[in-house]
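For the sequence shown, position 91 matches number 90 in numbering that gives the first Met the number 0, and the numbering has no gaps at all.
Where a beta carbon is used, it is the ideal one built from N, C-alpha and C, also for glycine.
Quick notes on the structure that follows.
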Amino acid sequence: MELFKLQVSGQVTPRGLETTIASGPFLVEAEHERWARILVSMNYSIAVSRPPGEMIPTFVWSDLGANDCVKLGNVDHRAVQQRLIFQGTDFAPDYLDHPVLLYEGKQVARMVWWPCRPSERCPM
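And the structure:
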C-alpha cells in the first residue's frame, strides 16, 4: 500500500467547504488514491442541503472534488502514525468513525494521521 496526503485544494468554493468538517491534511495508507478519498470522506464529509432546482454540490472528498491528493514515497508509516496517548491508552482512533476501509473483506485503506487538536500540524 502507498501513503497519500490529502487536503482541501486552494480552488475550493465556499459551498464546497460546507461539505467537510476539516480541510486536512490527512495521511492515508491505501491501495489506490480513490480508496484514500473514500476513507477520508467517510470520516470528514457532511451532508449539505440544497435549494430546489440547484444542482447537488460536489463533495470536497469525491474524485471530482476540490482536493489535492499526493502520493508520498519512502515514508515509514509507523513513524507518522497519529497517536494521542493518555495514561497508556491511545485515544486517537476515537476521533474517527472508520479507521480502516474494507472492501470484500480485505483492508484497502487505513487512516494514518489526522488532526486531533487544532494546534497539531501534519508531520509530512
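Rounding to the nearest angstrom, what Cα-Cα distance links residue i and residue j in this structure?
| i | j | result |
| --- | --- | --- |
| S8 | A91 | 25 Å |
| R36 | Q86 | 33 Å |
| W112 | V99 | 12 Å |
| M0 | W34 | 11 Å |
| L63 | R14 | 15 Å |
| T88 | A108 | 23 Å |
| Y43 | Q80 | 18 Å |
| S40 | N73 | 25 Å |
| R116 | R82 | 11 Å |
| H76 | L2 | 7 Å |
| L38 | I84 | 23 Å |
| S118 | N66 | 22 Å |
| V59 | I20 | 10 Å |
| Q6 | E32 | 13 Å |
| V27 | Y102 | 16 Å |
Please list the terminal residues of the continuous beta strand (DSSP E) segment that includes residue i.
| i | result |
| --- | --- |
| E32 | Where E32 is concerned, there is no enclosing beta strand (DSSP E), although the alpha helix (DSSP H) it sits in stretches over 32-43. |
| V11 | No beta strand (DSSP E) contains V11, which DSSP labels as neither H nor E. |
| A29 | 25-29 |
Let me know the secondary structure DSSP gives residue i once reduced to three states.
| i | result |
| --- | --- |
| V59 | coil |
Mind checking who residue i pairs with in its DSSP beta bridge?
| i | result |
| --- | --- |
| T127 | Given that the chain is displayed from residue 0 to residue 123, the structure contains no residue 127 and the question cannot be resolved. |
Practice task
With a floor of 3 residues, list each beta strand (DSSP E) that falls wholly inside the region 64-120, ordered by position along the chain.
Solution key: 66-71, 99-102, 105-112
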